[in-house]
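K.L.:
Pasting a structure below so you can have a look.
There are 2 protein chains.
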Amino acid sequence: MASKPTRLHHRNLPLVLLQARERLLSHFRPILNANGITEQQWRIVRVLYEKPSLEPREIVELCRISSPSMAGVLARMQELGLVTRRRVDHDQRRLRVSLTPRARAMAARMVPQIEATYLRIEQQVGEVFSERLVQALDQLLAMLPEYDSRKAAGADLSQAKEAGAAGGVIDVVQ
Amino acid sequence: MASKPTRLHHRNLPLVLLQARERLLSHFRPILNANGITEQQWRIVRVLYEKPSLEPREIVELCRISSPSMAGVLARMQELGLVTRRRVDHDQRRLRVSLTPRARAMAARMVPQIEATYLRIEQQVGEVFSERLVQALDQLLAMLPEYDSRKAAGADLSQAKEAGAAGGVIDVVQ
DNA sequence: ATCTATTTGCTAATCTATTAGCAATGCCAC
DNA sequence: GTGGCATTGCTAATAGATTAGCAAATAGAT
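Residue numbers (my numbering), protein chains in the order written: chain R, 2 to 175; chain V, 2 to 175.
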């Protein structure tokens, strides 16, 4: 396939994404530190703040935290009095996680600071740019399927096309 | 300060960036696993593959790996026979890190696979989209300065404007 | 020449990611 | 019902991230 290049001609895109994320996080981290919670804990607080309760596998999906990590994170958060965990009656495997009143109060204090930070960032990079960037990232996620390491042979692009069509994706970043 | 919102109106942009990065990495991870190296190790191999040697602080900067992590990563890579470390004569603090021939050979085997994966991804999301996304992320990095937690008061935007002007940044994502 | 301040790489402690695997529960076909 | 099968949450081991801090070496000012 195309003369086997021995040098890399592409930027390290995952690295650029990492750097962009770190740059952004540097603006939010002081707020998290001031409240004594970690990034992952805040992601969980943030999604639980919108709903009365969620199950661990839902939080795993919403916060992009792996299941093995989630076990430890939730245990520590319970230890800190941020969440409660209780079994679901009709299915003893399952679990429901909720914010404690204390965590909910903390989130209410933090939300305005987080929002203010987003506004300050939009002021620096431009609101339009900011919105289009999010849109572009959403499009990437819609067009590029998760790689399934089990089906190594026989590249199947139908999944990508489905995702693209389903999401109503615009041509490009535009 | 616009009336202290108690709900979040912005998408979690760092989370979206994380998800995009993970989605991309899922396509590269099999290559790394097949060669028995981690993401961070590959980032280091990749930059050292282009140059004869680098110093740890340069690698830290290029690979976005924190200095405390770098110590352990380089120690493990030396243990695995991937890199060599030797002191600089005229400055006993400093260090020069190089790839071993074995690591260089491994990189030469991996580069074509990495390149092929980039091409496959570009095929799925569109080459133009891919290039514009990188461009947009570069613009974000140019416009948004690292937050300096030391200067809390007196927001100074001059740094952002300088960076924007210096980089020859286009209006928006476009 | 000496004293101070910075640079460089490192250790320590805690938390999270990744990979593999496992016990318990529930589902479902038979 | 019962035996296969998937789901749910978990543990264990290793690697990295984050925060704080530290010793040695160097550069700069006096």
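Even glycine gets a Cβ: it sits at the ideal position worked out from N, Cα and C. Computed from a predicted structure; not experimentally measured.
If you follow the alpha helix (DSSP H) that R103 of chain R is part of, which residue opens it and which one closes it?
P.N.:
P102 to V126 is the span of the alpha helix (DSSP H), which, as asked, contains R103 of chain R.
K.L.:
With H, G and I counted as helix, E and B as strand and the rest as coil, what does DSSP make of D90 of chain R?
P.N.:
The answer is coil: DSSP assigns D90 of chain R none of H, G, I, E or B.
K.L.:
Determine the DSSP secondary structure at R133 of chain V, reduced to helix, strand or coil.
P.N.:
Reduced to three states, the DSSP call for R133 of chain V is helix.
K.L.:
Beta-carbon within less than 8 Å of R110 of chain V's beta-carbon, same chain only, minus the 5 sequence neighbours each way: which residues are those?
P.N.:
Cβ within range, chain order: N36.
K.L.:
Hey, does H91 of chain V have any beta-carbon neighbour from chain R nearer than 7 Å?
P.N.:
So, not an interface residue.
K.L.:
If I'm right that A21 of chain V touches L138 of chain R with Cβ under 8 Å, what's the distance once you round it to whole angstroms?
P.N.:
Confirmed, about 5 Å.
K.L.:
Assess, as a yes-or-no matter, whether the stretch 122–130 of chain R is touched by the stretch 88–107 of chain R under the definition of 3 or more beta carbon pairs within less than 8 Å.
P.N.:
The answer is no - the stretch 122–130 of chain R does not touch the stretch 88–107 of chain R, with fewer than three Cβ pairs under 8 Å.
K.L.:
How big is the Cα-Cα spacing for L120 of chain V and D149 of chain R?
P.N.:
One C-alpha to the other measures close to 17 Å.
K.L.:
What residues in the stretch 95–117 of chain R have a beta carbon less than 8 Å from any beta carbon of chain V?
P.N.:
So the list reads A109, V112, P113, I115, E116 and A117, given in the order they occur along the chain.
K.L.:
Quick check on DSSP: helix, strand or coil for R70 of chain V?
P.N.:
According to the sequence shown, residue 70 of chain V is Ser rather than Arg. Helix at S70 of chain V.
K.L.:
Residues of the stretch 18–45 of chain V in Cβ contact with chain R at a cutoff of 9 Å, in chain order, please.
P.N.:
So the list reads L18, L19, Q20, A21, R22, E23, R24, L25, L26, S27, H28, F29, R30, P31, N34, E40 and R44, given in the order they occur along the chain.
K.L.:
Nearest chain R C-beta to G134 of chain V closer than 7 Å, yes or no?
P.N.:
The question names Gly, yet the displayed sequence has Leu at residue 134 of chain V. Answer yes: the Cβ-Cβ gap between L134 of chain V and chain R drops below 7 Å somewhere.
K.L.:
With 16 as the cutoff for other CB atoms within 10 Å, does E116 of chain V come out buried or exposed?
P.N.:
Classification of E116 of chain V: buried, given that the 10 Å Cβ count is 16 or more.
K.L.:
With distances taken Cα to Cα, identify the nearest neighbour of T118 of chain R among R:R8, R:R87, R:P6 and R:L25.
P.N.:
With distances taken between Cα atoms, T118 of chain R lies closest to R:L25.
K.L.:
In the DSSP assignment, what residue or residues form a beta bridge with T85 of chain V?
P.N.:
DSSP output for T85 of chain V lists V:S99 as bridge partner(s).
K.L.:
At 8 Å on the CB atoms, spell out the chain R contacts of A137 of chain V, in chain order.
P.N.:
Within 8 Å Cβ-Cβ: F130, R133, L134, A137 and V174.
K.L.:
Taking the CB atoms as reference points, tell me whether R177 of chain V and V98 of chain V lie closer together than 7 Å.
P.N.:
Limits of chain V in this structure are 2 at one end and 175 at the other, which puts residue 177 of chain V out of reach.
K.L.:
Tell me whether L75 of chain R sits in a helix, a strand or coil according to DSSP, three-state version.
P.N.:
DSSP places L75 of chain R in helix when its eight states are reduced to three.
K.L.:
Which of the three DSSP states is assigned to L1 of chain V in this structure?
P.N.:
No answer is possible for residue 1 of chain V: it lies beyond the span of chain V, which begins at 2 and ends at 175.
K.L.:
Check whether the Cβ atoms of S54 of chain R and V61 of chain R lie closer than 7 Å to each other.
P.N.:
It is not a contact, given that the beta carbons lie outside the stated cut-off.
K.L.:
Excluding sequence positions up to five away, which residues of its chain have a Cβ less than 8 Å from the Cβ of Q41 of chain V?
P.N.:
Result list for Q41 of chain V: C64, I66, S70 and V74, in chain order.
K.L.:
Report the neighbours of R12 of chain V on chain R: residues whose CB is nearer than 7 Å to its CB, in chain order.
P.N.:
Simply V135.
K.L.:
In its own chain, which residues sit with a C-beta less than 8 Å from the C-beta of S131 of chain V, not counting the 5 before and 5 after it?
P.N.:
I122 and E123, listed in sequence order.
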